[in-house]
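**Student:** Counting in this note's numbering, the sequence shown runs from 645 upward without gaps.
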Amino acid sequence: MTGPARSAWCSIPPGRPPRPSGLASSRQGTRCRHEHRSHDRAHVHCALLGRSRAGRRGPVPLPGQDRRPPLFALHRHDREGVLSVLSFLAWTVGAWWATGEADLARAVFAGLSVLVMGYPCAVGIAAPLSIVRGAGEAADQGVIMRTGEAFQAFRLVKRLVLDKTGTLTVGRPVLKETLGVDDPDELLALAAAAEAASEHPLARAILDAALDRGLRLPRVDEFTAAPGRGVSALVEDVRGRAGRPAYLQGEGVDLVPLSARIAELEQAGHTVVAVGRDRELLGALAFADELREDAIETVAAMKQAGLVPVMVTGDNEGTARRVAAALGIAEVHAGVLPGEKAEIVRRLQREGRVAMVGDGINDAPALMQADVGVAMGGGTDIAIESADIIIVGNRLRSILTAREISRRSYGKTKQNVVLAFLFNGVGIPVATTGLVYPVWAMAAMAVSVTSIFLNSLGGRPSLFVNAVLSVGRPGRS
């Protein structure tokens, strides 16, 4: 398999994205392939979708819904504005000429003044300058806000969908208990060999535990991944399996000897990886992942800010409920398979605007479906490319910082639009009287544009200077 494919939607390593054929390239002499069931192609689907974010603006809309923030679509009404100004122009010149109270030059001057006063320069820079200011503030806080949705729509979000592994938790599971075998090293070595071709955090945890004990990993001749469920490998001519207990059960492995203890561990918040050899249950490994140090405080602050947190995970129900209870999250979706996160976001959007926070490759479709996608900076490239906002510092509380910047940026945009329309609304009627010469109208327009600059960037001198110096600067090829 080629290229990393860390997934955050499940606790069982899903392997790497499948290739069109059933057999992928070799890695250290190991042949790897993916089962070609429809939902197992999610990695490739996510990768293709994730890279299309730059070419698509905004979330995938629901039928009959327009999810654009009102000020975000001002530029779509340019034609109406031009027609209105031209109508004023025709009315002004026609009125002056028809009454015979002025010569042609006076009528033309009045018309030119109307054109200058009606020029929408101030309106055109109202939103971009507020975004420039917001982007600067966000960068200071370790947040990259990449799209208009980040500034215009985040303030309207009511539900915040949170991935568990790597978002609410640190994403570094630790081995806590080994079950059901006389020789734990044999169990761990087989599991590590089977998981060696995967780069999921849990697979890395298994490998780290094996390396810490100085174990020699047996030879692996073939590797098969069932995303969201588990892995299977031919380990020194023996079929080894590791994954969700339900996955091994589906492969004909009898879990009865350990089923009670596995259930206890899952209810206690552990993620259990069952390990089998051929059709025999060899044992199980129990892992725990710590919450981020600011997770409890941040979730409480989210609820205080009027947001409804929703946790989505591929982990078992017991672990998911345990983590949710510790964080105070009421709505939990556990056991989510590839491709289902985007569908959950789509359903939630029927009740209002939704933001998605994730870090894995399988979060990419959900990040794009959401009104605002937020990626943790330590996540996969596909997740980062699919997001509107990137949390560089990897601090969960930065999500609230980004939302507050969005709110302030939108407020600054409204102020700028009011200033711009105040200029047009007063200037155009005055210009129709013929009392304002075109040169005065040009001076008034310059004052209007300057007021927008000062209102947007006045508190940040460096941004103001850079914006002024960039005017008229030739672009680089």
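Where is the CB? At the ideal position from N, CA and C, for every residue including glycine.
The structure displayed is predicted, hence computed values, not measured ones.
Identify which residue in I988, A930, R860, I788 has its Cα closest to the Cα of G887.
**Tutor:** Along the sequence shown, read from residue 1 onward, the residue named residue 887 stands at position 243. Of the candidates I988, A930, R860, I788, the one whose C-alpha sits nearest the C-alpha of G887 is A930.
**Student:** Write down the C-beta distance between S1042 and Q785 rounded to the nearest angstrom, noting that I regard them as a contact closer than 8 Å.
**Tutor:** Taking the first residue of the sequence shown as position 1, residue 1042 is located at position 398. Taking the first residue of the sequence shown as position 1, residue 785 is located at position 141. So it is a contact: roughly 6 Å between Cβ atoms.
**Student:** Would you kindly work out how many angstroms separate the C-alpha atoms of I1005 and A1027, rounded to a whole number?
**Tutor:** Taking the sequence shown and counting its residues from 1, the one referred to as residue 1005 is at position 361. Taking the sequence shown and counting its residues from 1, the one referred to as residue 1027 is at position 383. Roughly 6 Å separates the two Cα atoms.
**Student:** Roughly how many angstroms separate the alpha carbons of P817 and R991, rounded to a whole number?
**Tutor:** Here residue 817 is taken as the residue at index 173 of the sequence shown, counted from 1. Here residue 991 is taken as the residue at index 347 of the sequence shown, counted from 1. Cα to Cα, the separation comes out at about 31 Å.
**Student:** By DSSP's criteria, I788 is part of a beta bridge. Which residues make up the other side?
**Tutor:** As a working note, residue 788 is residue 144 in the sequence shown. DSSP lists I1034 as partners of I788.
**Student:** In terms of residues, what are the limits of the alpha helix (DSSP H) holding L926?
**Tutor:** Residue numbering aside, residue 926 sits at position 282 when the sequence shown is read from its first letter. First-last for L926: 924–932, but that is the beta strand (DSSP E), not the alpha helix (DSSP H).
**Student:** Which stretch, first to last residue, makes up the beta strand (DSSP E) that contains G887?
**Tutor:** Position 243 of the sequence shown holds residue 887. Per DSSP, G887 belongs to the beta strand (DSSP E) from 882–887.
**Student:** Take the Cβ of G1069 as the centre, count every other Cβ of all protein chains shown within 10 Å, and call the residue buried at 16 or more, exposed below.
**Tutor:** Here the question's residue 1069 lines up with position 425 in the sequence shown. With fewer than 16 other Cβ atoms within 10 Å, it is exposed.
**Student:** Would you please state the rounded distance, in angstroms, between the beta carbons of I1072 and G768? I believe it to be under 8 Å.
**Tutor:** Along the sequence shown, read from residue 1 onward, the residue named residue 1072 stands at position 428. Along the sequence shown, read from residue 1 onward, the residue named residue 768 stands at position 124. Their Cβ separation, rounded to whole angstroms, is 16 Å, which puts I1072 and G768 out of contact at 8 Å.
**Student:** With a 10 Å radius around its C-beta and 16 neighbouring C-beta atoms as the bar for buried, classify T1076 as buried or exposed.
**Tutor:** As a first step, residue 1076 is located in the sequence shown; it is residue number 432 there, counting from the start. Counting Cβ neighbours within 10 Å, T1076 comes out buried, since at least 16 surround it.
**Student:** From N960, G1017, E975, pick the residue whose C-alpha is nearest to that of A1122; which is it?
**Tutor:** Past the boundaries of the shown model lies residue 1122; the chain is included only from 645 to 1121, so the question cannot be answered.
**Student:** Between Q911 and G962, is the Cβ-Cβ spacing less than 8 Å?
**Tutor:** Here residue 911 refers to the residue found at position 267 of the sequence shown. Here residue 962 refers to the residue found at position 318 of the sequence shown. A contact, by the Cβ cut-off of 8 Å.
**Student:** Are the CB atoms of G870 and L851 nearer to each other than 8 Å?
**Tutor:** Here residue 870 is taken as the residue at index 226 of the sequence shown, counted from 1. Here residue 851 is taken as the residue at index 207 of the sequence shown, counted from 1. For the sequence presented, residue 870 should be read as Ala rather than Gly. No, Cβ-Cβ distance for A870 and L851 is not below 8 Å.
**Student:** Given V1080, which residues of its chain have a CB within under 7 Å of its CB, disregarding the five upstream and five downstream residues?
**Tutor:** Residue numbering aside, residue 1080 sits at position 436 when the sequence shown is read from its first letter. The residues are S757, V1074.
**Student:** In chain order, which continuous runs of the beta strand (DSSP E) of length 3 or greater are located wholly inside the region 974–1009?
**Tutor:** Entirely contained in the region 974–1009, the beta strand (DSSP E) runs reaching 3 residues are, in chain order, 975–977, 998–1002.
**Student:** Within the continuous beta strand (DSSP E) that includes G920, where are the two ends?
**Tutor:** Your numbering for residue 920 matches position 276 in the sequence shown. Counting along the chain, the beta strand (DSSP E) containing G920 begins and ends at 915–921.
**Student:** How long is the line joining the alpha carbons of E839 and A847, rounded to whole angstroms?
**Tutor:** Position 195 of the sequence shown, counted from the start, is the residue given in the question as residue 839. Position 203 of the sequence shown, counted from the start, is the residue given in the question as residue 847. Rounded to the nearest angstrom, the two C-alpha atoms are 6 Å apart.
**Student:** Where in the region 1012–1075 do unbroken runs of the alpha helix (DSSP H), each at least 4 residues long, occur, reported from the N-terminal end onward?
**Tutor:** Runs of the alpha helix (DSSP H) inside the region 1012–1075: 1025–1030.
**Student:** Would you list the one or two residues that DSSP bridges to T822?
**Tutor:** Here residue 822 is taken as the residue at index 178 of the sequence shown, counted from 1. Its beta-bridge partners are L929.
**Student:** How about E975 and V998: are their beta carbons less than 8 Å apart?
**Tutor:** Residue numbering aside, residue 975 sits at position 331 when the sequence shown is read from its first letter. Residue numbering aside, residue 998 sits at position 354 when the sequence shown is read from its first letter. Result no, Cβ atoms of E975 and V998 do not sit closer than 8 Å.
**Student:** Rounded to a whole number of angstroms, what is the C-alpha to C-alpha distance between A978 and A964?
**Tutor:** Here residue 978 refers to the residue found at position 334 of the sequence shown. Here residue 964 refers to the residue found at position 320 of the sequence shown. When rounded, the distance between both Cα atoms is 6 Å.
**Student:** Using CA atoms only, rank isn't needed, just tell me which of T791, P828, L981 is closest to R857.
**Tutor:** For the purposes of this step, residue 857 is taken as residue 213 along the sequence shown, with counting starting at 1. Per the Cα distances, P828.
**Student:** Going by CA-CA distance only, name the one from M1000, T915, R923 that's closest to E1126.
**Tutor:** Because the chain in this structure spans residues 645 to 1121, residue 1126 falls outside the shown range and cannot be described.
**Student:** How many angstroms separate the CA atom of T813 from the CA atom of A968?
**Tutor:** Sequence index remark: in the sequence shown, residue 813 carries index 169 (1-based). Sequence index remark: in the sequence shown, residue 968 carries index 324 (1-based). Spanning the two alpha carbons is a distance of roughly 11 Å.
**Student:** Since R803 is in the beta strand (DSSP E), which residue starts that stretch and which ends it?
**Tutor:** For the purposes of this step, residue 803 is identified with residue 159 of the sequence shown, where counting begins at 1. Looking at the DSSP string, the run of the beta strand (DSSP E) that includes R803 is 803–807.
**Student:** Out of R994, A841, A1046, state which residue places its alpha-carbon closest to the alpha-carbon of A794.
**Tutor:** Position 150 of the sequence shown, counted from the first residue, corresponds to residue 794. Ranking R994, A841, A1046 by Cα distance to A794 puts A1046 first.
**Student:** Consult DSSP for P764 and reduce its assignment to one of helix, strand or coil.
**Tutor:** Counting from 1 along the sequence shown, the entry for residue 764 is found at position 120. Of the three classes helix, strand and coil, the one that applies to P764 here is coil, per DSSP.
**Student:** Just how far apart, CA to CA, sit G1102 and K1058?
**Tutor:** Position 458 of the sequence shown, counted from the start, is the residue given in the question as residue 1102. Position 414 of the sequence shown, counted from the start, is the residue given in the question as residue 1058. So the two alpha carbons sit approximately 16 Å from each other.
**Student:** Are the CB atoms of L878 and G920 within a distance shorter than 8 Å?
**Tutor:** By one-based count along the sequence shown, residue 920 stands at place 276. By one-based count along the sequence shown, residue 878 stands at place 234. It is not a contact, given that the beta carbons lie outside the stated cut-off.
**Student:** Considering only residues of the same chain and omitting the five flanking positions on each side of V897, which have a CB-CB separation below 8 Å?
**Tutor:** Numbered from its first residue, the sequence shown carries residue 897 at position 253. The residues are R885, A918, G920, R923, E924, L925.
**Student:** Alpha carbon to alpha carbon, how far is G1021 from G1092? Give it in angstroms, no decimals.
**Tutor:** Against the sequence shown, residue 1092 aligns to sequence position 448. Against the sequence shown, residue 1021 aligns to sequence position 377. One detail in the question is off: residue 1092 reads as Ser in this sequence, not Gly. Going by the C-alpha atoms only, they are around 40 Å apart.
**Student:** What is the DSSP secondary structure of P953, reduced to helix, strand or coil?
**Tutor:** The count along the sequence shown starts at 1 and reaches residue 953 at position 309. Three-state result, P953: strand.
**Student:** L935 by DSSP, collapsed to three states: which one?
**Tutor:** Indexing the sequence shown from 1 puts residue 935 at position 291. It is a strand residue.
**Student:** I need the straight-line Cα distance from G815 to V825, nearest angstrom please.
**Tutor:** Numbered from its first residue, the sequence shown carries residue 815 at position 171. Numbered from its first residue, the sequence shown carries residue 825 at position 181. Distance between the alpha carbons of G815 and V825: 27 Å.
**Student:** Once DSSP output is grouped into helix, strand and coil, what is the label at T813?
**Tutor:** Taking the first residue of the sequence shown as 1, we reach residue 813 at position 169. It is a strand residue.
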